[in-house]
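In our numbering, the protein residues as written are 222 to 468. No residue lacks a Cβ here, since even glycine has one placed at the ideal position from N, Cα and C. All of these numbers come straight from a predicted model, not from anything done at the bench. Below: the structure, in structure tokens.
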């Protein structure tokens, strides 16, 4: 076993508010101080928005947000051009400070392959379960101009997973050519299943994790049994059960 590569924070995920409001010319001292104040104040208001979503639910409006934070809507519009600007900043804050760091930490654990699979899936499911209203707010607003926030986070997690998977397969002298599609497949499946679950709550968190680990590990063990080679995989039969297996 070895320590998985700890990713540098993605440029895509680190699209800061600073870039959004950076002036074209080199600022003087007063402008720089205002700029720094505006960045800090935006972050405070975004954190307040996340708290408002937790308190009042995913359908929270600007009036609710302002009331929960204890400011007027005029203050919100002083720091954000419109509701979409605040929504985008809130989504980015959730991804950058909550979801992505927990996933990076989990995937970077020094564990055997099975335990790493369980830890990574558990990290995603438990992060969503801990903040259901914020997660649902983010996903409900992930279309249109905000679609890149969620898409970029999913892409970065999938690419990190592909790197780890590829390195582990190569260390065992297996074919790593499928690492990228396998990683995207796992991330997509876990994300979609978790989204279904958080919207329905028809089983416990632990049951969901067990089912997702069972599915994912079944795929990984199948890849390992064929040394990662599609040719080897296609050359052997694939019965659902071994002949003579007990009922």
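The way I'd put it, the segment 284-302 doesn't touch the segment 331-339; fewer than three beta-carbon pairs between them come closer than 8 Å. Classified as buried, residue 387 has 16 or more neighbouring CB atoms from the shown chains inside 10 Å of its CB.
Closest in C-alpha terms to residue 349, from the list 321, 362, 369, comes 321. Just measuring C-alpha positions, the residue of 438, 279, 292 sitting nearest residue 263 is 292. When DSSP states are grouped into helix, strand and coil, residue 301 belongs to the coil group. Segment contact: the segment 420-431 against the segment 398-406, fewer than three CB-CB distances shorter than 8 Å; contact not assigned.
A distance below 6 Å between beta-carbons, with the five flanking residues on each side excluded, links residue 415 to the following residues of its chain, in chain order: 346, 349.
Pairing residue 375 with residue 394, the inter-Cα distance amounts to about 28 Å. In this structure residue 423 is exposed. Its beta-carbon is surrounded by fewer than 16 other beta-carbon atoms within 10 angstroms.
The residues 264, 267, 268, 271, in chain order, have a CB closer than 8 Å to that of residue 314 in the same chain once the five nearest residues on each side in sequence are set aside. If only complete runs of 3 or more residues are kept, the segment 365-407 shows no beta strand (DSSP E) anywhere. By the CB criterion at 8 Å, residue 285 and residue 273 fall inside the cutoff.
In the three-state DSSP reduction, residue 330 falls in the coil class, being neither helix nor strand. Note that the C-beta distance between residue 319 and residue 357 is not below 8 Å. When the five nearest sequence neighbours on each side are left out, the beta carbons in the same chain lying within less than 7 Å of the beta carbon of residue 434 are those of 338, 339, 342, in order along the chain. Just so you know, the alpha carbons of residue 442 and residue 373 end up roughly 28 Å apart.
The beta carbons of residue 305 and residue 366 sit closer together than 8 Å. By the beta-carbon neighbour count (other beta carbons within 10 angstroms, threshold 16), residue 398 is exposed.
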